[in-house]
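Residue numbers (full-length UniProt numbering): 1 to 116. Virtual Cβ for every residue (Gly too), placed ideally from N, Cα, C.
Given below as structure tokens:
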């Protein structure tokens, strides 16, 4: 989900980590089927794989118009800034992906790995 004051551009969407290169995915799955016993009975569908556009997100991109990126209930009474983050740079949007309940069971090293 993208939130912010403007709809993300194609260049900004390209900065997201969820883009699919269906040829790479198909080659990887074929390799797994040949070389990993747990994938020996998996049937791959090239018809399904070809429905994904190369270099695009495999899910619908949702945009919510929002002038700030702060949640009022989570703000301190001393927090007077309009928004956290930057208004300049290659990706001036906020992308949410990890949630607190999921992170509670992860070590700090696992969290750092997930964040990269």
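query                                                                                                             : result
Segment contact, 8 Å Cβ cut-off, at least three pairs: the stretch 18-30 with the stretch 46-59                   : yes
Beta-bridge pairing of residue 56 - partner residues as DSSP gives them                                           : 20
Beta-carbon gap between residue 32 and residue 44 smaller than 7 Å                                                : no
Rounded C-alpha distance that separates residue 6 from residue 35                                                 : 46 Å
Nearest-angstrom Cα separation, counted from residue 47 out to residue 75                                         : 48 Å
Presumed contact (8 Å Cβ cut-off) between residue 56 and residue 20, rounded CB distance                          : 7 Å
Residue 8 classed as buried or exposed, judged by whether at least 16 other C-beta atoms fall within 10 angstroms : buried
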